[in-house]
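Residue numbers (this note's numbering): 80 to 188. Note sheet for the following structure.
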């Protein structure tokens, strides 16, 4: 595998909602391992909190194509909590449209 601490930035672009929750968390742990101290993980993905706010028909139309959302598994992923538990700090979550969010966090120095 790649050496620990060998990257300054790791990005995830619309992938975590496609994975089972346990795999998403494993991917975030691997990002933490790969990042040098002070490195940044950045994610652009569907905001699980915002999905729950969608009107029922729109939420259903989304869920039927996304297996990890259909059963509610993705909704239970709290990016801030998960990243902090893994060892990231300075977690910032910014909505960039009605359902997506940009999430950035720094690996502690």
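Beta carbons are placed, not taken as given, at the ideal position from N, Cα and C, and that holds for glycine.
Three-way DSSP call (helix, strand, coil) for residue i in this model
i, result
"residue 177", "coil"
"residue 90", "strand"
"residue 99", "coil"
"residue 133", "coil"
"residue 81", "coil"
"residue 187", "coil"
"residue 114", "strand"
"residue 107", "helix"
"residue 156", "coil"
Residue burial classification, residue i (beta-carbon count within 10 angstroms, cutoff 16)
i, result
"residue 228", "The displayed coordinates of the chain run from 80 to 188. Any statement about residue 228 would go beyond what the structure contains."
"residue 93", "exposed"
"residue 84", "exposed"
"residue 176", "exposed"
"residue 102", "exposed"
"residue 136", "exposed"
"residue 116", "exposed"
Residue i versus residue j: straight-line alpha-carbon distance, rounded
i, j, result
"residue 182", "residue 151", "20 Å"
"residue 185", "residue 147", "27 Å"
"residue 169", "residue 112", "17 Å"
"residue 155", "residue 125", "13 Å"
"residue 99", "residue 149", "11 Å"
"residue 161", "residue 97", "17 Å"
Whole-angstrom C-beta distance between residue j and residue i, which should lie under 8 Å
i, j, result
"residue 130", "residue 178", "6 Å"
"residue 88", "residue 118", "6 Å"
"residue 95", "residue 122", "7 Å"
The region 156 to 174 touching the region 101 to 114, judged by at least three CB pairs closer than 8 Å: yes
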